[in-house]
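S.K.: Dropping a structure here in C-alpha cells format, bear with me for questions.
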C-alpha cells in the first residue's frame with residue numbers, strides 16, 4: 067500500500083518543477099489528522115488512571131470527554147466556512163496551535179475543572195478533517211487520484227491502526243495520564259511545522275464577510291442539542307427538566323438561525339442550501355450511521371468482551387487488542403482502495419455497500435457475537451472493513467464533493483457536526499436499550515443483543531436515507 071500511495075502522489079504532480087509539493091502536502095495533512103485523532107482515541111484507555119491521579123470519579127472524568135466532543139461539534143460547524151474566507155492554511159495552523167495549548171494545559175492541570183477546560187480548548191480541532199479534505203481537493207483535481215488520497219487522509223480519523231489506543235494505555239500505565247497529553251502536544255507541534263511548510267494558502271471566498279451571527283446561532287443549536295443528548299446518555303439519572311429545557315432552547319436557537327439566514331447578505335447557510343437534498347440527506351445519513359455503529363463497537367462489543375458474567379472476561383488491554391486494534395487497522399488498509407474506487411463506481415455505491423455490510427455485521431454480532439468470542443471478533447473485523455474502511459470514508463468525502471462551489475465550507479462543517487451528534491446519540495441510545503432489555507437489571511445476553519439489534523435498525527435507516535443522496539457528478543468519472 068505504501069508503494070501504491072507513493073505512485074499515486076508522484077502521478078498527481080503535473081509539472082516537473084513540483085516534484086515534492088503533493089508529497090509534502092500529504093505529510094502535512096496526515097500529521098494534522100493524526101494529531102487530532104490522538105486527542106480522540108489515545109485517552110480512552112487511561113480514563114481510570116486519570117480519575118485516580120486527580121482524585122475524582124469516572125463521572126467527572128467522563129465530563130472531560132463530553133467537553134471535548136461537544137466542542138468539536140460546535141467549532142467543526144463554522145470553521146470550514148471561515149477557512150474559505152480567511153484562508154484554509156491559516157485556519158488549519160490556528161487549530162493546531164490551539165490544540166497544543168490545550169494539550170499543555172491538560173498535562174499541567176492541577177484539578178478536574180482545569181482538565182475539562184483544557185479538553186474543551188482542544189475541541190477547537192473539530193474541523194481538521196473537513197478542512198484537510200478541502201485543501202486536498204484544491205490541489206488534486208483528478209477525481210481518482212483525489213479519491214485515493216482522500217481515503218488515506220480520512221482513514222486516520224478511524225484510528226491510527228490501533229496504535230493510538232495501545233500507546234495511550236501503555237503510557238498511562240507506566241507514566242501516568244499526563245504523559246499522554248505531552249505526546250499529543252508533541253504531535254501537535256510536529257503538525258504545525260509540517261503544515262507551515264507543506265500546505266499552500268487558498269481563500270476561495272476572499273472578500274466575503276463571515277456570517278458571525280448565523281454561525282453563533284447555529285453553534286448554539288448544535289451545543290444545546292448535543293448537551294441534551296449528553297444528558298439523555300445518563301439514562302435513569304438524567305434530569306428530564308434540564309433535557310427538555312435544552313431541547314426547547316435548541317429549537318428557539320434554530321428559529322433565530324433561520325431568520326438570520328434570511329436577512330444577511332452572505333449567509334453561513336442560506337435556506338436554499340439547507341433545503342437541498344445534498345445537504346439534509348447527507349447530514350441525516352451521517353447522524354444515523356454514527357448513531358448505529360459507534361457505541362456498538364466502542365461500547366457494547368467492548369463491554370461483552372470484558373463482562374465476567376455474561377461475556378468473556380477479558381482484560382481491557384486484551385479486549386482492545388482483539389477488537390479495536392484490528393478494526394482500526396482494517397479500516398486504515400481498506401480506505402485508500404475505497405477512495406480510489408469511489409470516483410469510478412460511485413461514492414454512493416461504496417457508501418451503500420458499506421452501510422449494508424454494517425447492518426449485516428451488527429446483526430451477526432447481536433445473534434452470535436454475544437455468545438461466541440470468535441463471532442464477536444469476526445463481526446468487529448467486518449465492521450472495520452465496511453464501516454471504518456468504506457462508509458466512514460464516503461461520508462467524509464461526500465460532505466466535501468457535494469458542497470456548493472459558492473460556499474464550499476458549508477456542508478463539510480454541517481456534516482462534521484453530524485458526526486459528533488450521531489456519536490453522542492449512539493452512546494445515549496444503545497446503552498439505554500441494553501439496560502432496558504437486560505434481565506433483572508443486570509448485564510445479560512438479552513441486553514447486549516437488544517442493544518446491537520437497535521444499532522442494526524438505526525444503521526438500516528441510514529442505508530435508506532443514503533438512497534436520497536444525489537450523485538456528486540463533478541467528483542466522478544465514467545472512464
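Numbering (my numbering), first residue to last: 67 to 545.
Cβ coordinates follow ideal geometry from the N, Cα and C atoms, glycine included.
To the nearest angstrom, how far is the alpha carbon of residue 159 from that of residue 515?
M.R.: When rounded, the distance between both Cα atoms is 45 Å.
S.K.: Identify whether residue 532 lies in helix, strand or coil by the three-state DSSP scheme.
M.R.: It is helical.
S.K.: State the Cα-Cα distance for the pair residue 291 and residue 488, rounded to the nearest angstrom.
M.R.: Going by the C-alpha atoms only, they are around 11 Å apart.
S.K.: For the alpha helix (DSSP H) that residue 246 lies in, which residues bound it at each end?
M.R.: 243-264 is the span of the alpha helix (DSSP H), which, as asked, contains residue 246.
S.K.: Would you call the segment 99-113 and the segment 240-255 touching, i.e. three or more CB-CB distances under 8 Å?
M.R.: Cβ pair count under 8 Å is three or more, so yes.
S.K.: Figure out for me which residue from 453, 479, 369 has the closest Cα to the Cα of residue 346.
M.R.: Of the listed residues, the one whose Cα sits closest to residue 346 is 479.
S.K.: Between the segment 209-225 and the segment 455-464, do at least 3 Cβ pairs fall closer than 8 Å?
M.R.: With the cut-off at 8 Å, the segment 209-225 and the segment 455-464 touch.
S.K.: How long is the line joining the alpha carbons of residue 410 and residue 215, rounded to whole angstroms?
M.R.: When rounded, the distance between both Cα atoms is 15 Å.
S.K.: Should residue 278 be labelled buried (16 or more other beta-carbon atoms within 10 Å of its own) or exposed?
M.R.: Classification for residue 278: exposed.
S.K.: Three or more C-beta pairs under 8 Å: does that hold for the segment 374-392 against the segment 319-335?
M.R.: The answer is no - the segment 319-335 does not touch the segment 374-392, with fewer than three Cβ pairs under 8 Å.
S.K.: DSSP three-state call for residue 518: helix, strand or coil?
M.R.: If DSSP states are grouped into helix, strand and coil, residue 518 belongs with the helices.
S.K.: For the segment 529-542 against the segment 337-354, are there 3 or more C-beta pairs whose distance is under 8 Å?
M.R.: A contact exists between the segment 529-542 and the segment 337-354.
S.K.: Please state the DSSP three-state secondary structure of residue 448.
M.R.: In the structure shown, residue 448 sits in a helix (DSSP, three-state: H, G or I).
S.K.: In this structure, how does DSSP classify residue 300 when only helix, strand and coil are distinguished?
M.R.: In the structure shown, residue 300 sits in coil (DSSP, three-state: anything other than H, G, I, E or B).
S.K.: Rounded to whole angstroms, what is the Cα-Cα separation between residue 183 and residue 486?
M.R.: Cα to Cα, residue 183 sits roughly 19 Å from residue 486.
S.K.: Can the beta-carbon of residue 141 be found less than 7 Å from the beta-carbon of residue 190?
M.R.: In contact: residue 141 and residue 190 (Cβ atoms closer than 7 Å).
S.K.: Can you name the start and end residues of the alpha helix (DSSP H) that residue 271 belongs to?
M.R.: Per DSSP, residue 271 belongs to no alpha helix (DSSP H) and is neither H nor E.
S.K.: Indicate whether residue 496 and residue 432 have their beta-carbon atoms separated by less than 7 Å.
M.R.: It is not a contact, given that the beta carbons lie outside the stated cut-off.
S.K.: Check whether the segment 461-476 and the segment 437-444 are in contact - that is, three or more C-beta pairs closer than 8 Å.
M.R.: Judged by Cβ distances under 8 Å, the segment 461-476 makes no contact with the segment 437-444, as fewer than three pairs qualify.
S.K.: Check whether the segment 145-162 touches the segment 253-272, counting contact only when three or more Cβ pairs, one atom from each stretch, lie closer than 8 Å.
M.R.: A contact exists between the segment 145-162 and the segment 253-272.
S.K.: Beta carbon of residue 115, beta carbon of residue 238: below 7 Å?
M.R.: A contact, by the Cβ cut-off of 7 Å.
S.K.: Once the 5 residues before and after residue 360 are set aside, which same chain residues still bring their CB inside 6 Å of it?
M.R.: Taken in chain order, the residues that qualify are 489, 492.
S.K.: How big is the Cα-Cα spacing for residue 472 and residue 271?
M.R.: Going by the C-alpha atoms only, they are around 8 Å apart.
S.K.: So, with DSSP's three-state summary, where would you put residue 600?
M.R.: With the chain running from 67 to 545 in the structure shown, residue 600 is simply not present.
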